[in-house]
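Undergrad:
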Amino acid sequence: MKLLANENIPIGLVNELRNLGYDILRVDEVRKGMKDQEVLDFSLKESRIIITFDKDFGELAVKEKRKATGVILLRMHPESVRYIKGRILLLFEKLKELKDKFIVLEEHTIRERKLQ
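Its first residue numbered 3, the sequence shown is counted upward by one per residue in our numbering.
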């Protein structure tokens, strides 16, 4: 599984996921200030699932039906990197397949929807 962290994802979280062996890039490592559609295009080209706090990706991927490898929308208070990492790792345990899905990860729930 390859991941793409939006610029609003803490770099500490990206580093911790890398240390656990996940293949993850942060958008600003590719190119700083990419527009949302460019992020979607890059994630498709690289087959990376986007992790973001930005609801606009739900609008693009679900409502406008723009192509995406997958999107994980974090809808929680970012209390700490450790907390967010724990929720993401729980998601990875519960859902083995994340591609072609729009996933909303909340503090106490996980919602998923098929894309396209």
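Backbone N, C-alpha and C fix where the C-beta goes; we use that ideal spot for every residue, glycine too. Because the structure is a prediction, the values reported are computed rather than measured.
Apply the 10 Å Cβ neighbour rule to SER45 and answer buried if 16 or more other Cβ atoms are within range, or exposed otherwise.
TA: buried
Undergrad: Please report how far the alpha carbon of GLU9 lies from the alpha carbon of ASP30, in whole angstroms.
TA: 6 Å
Undergrad: Am I right that GLU114 and MET78 are in contact with their C-beta atoms under 8 Å? What's the rounded C-beta distance?
TA: Not quite, the Cβ-Cβ distance comes to about 16 Å (not below 8 Å), so this is no contact.
Undergrad: Specify, as a first and last residue, the run of the beta strand (DSSP E) that GLU108 falls within.
TA: 103-108
Undergrad: Do LEU93 and ILE105 count as a contact pair if the criterion is CB distance below 8 Å?
TA: Yes, the Cβ-Cβ distance between ILE105 and LEU93 is below 8 Å.
Undergrad: Excluding the 5 residues flanking LEU27 on each side, which residues of the same chain have their C-beta closer than 6 Å to its C-beta?
TA: LEU6
Undergrad: Roughly how many angstroms separate the alpha carbons of VAL41 and VAL16, rounded to a whole number?
TA: Going by the C-alpha atoms only, they are around 17 Å apart.
Undergrad: How many angstroms separate the CA atom of LYS73 from the CA atom of ILE112?
TA: At residue 73 the sequence reads Val, which differs from the Lys that was named. C-alpha separation (whole angstroms): 13 Å.
Undergrad: If you count every other CB in all the chains shown that lies within 10 Å of the CB of GLU50, and 16 or more means buried, which is it?
TA: Residue identity differs from the one stated: residue 50 is Arg in this sequence, not Glu. The residue is buried, with at least 16 neighbouring Cβ atoms inside 10 Å.
Undergrad: Starting from LEU100, trace the alpha helix (DSSP H) in both directions and tell me its first and last residue.
TA: From DSSP, LEU100 is part of no alpha helix (DSSP H); its letter is neither H nor E.
Undergrad: Applying the criterion that 16 or more other CB atoms from any shown protein chain within 10 Å of the CB defines a buried residue, is ILE13 buried or exposed?
TA: Using a 10 angstroms sphere on the CB of ILE13, the tally of other CB atoms stays under 16, which defines it as exposed.
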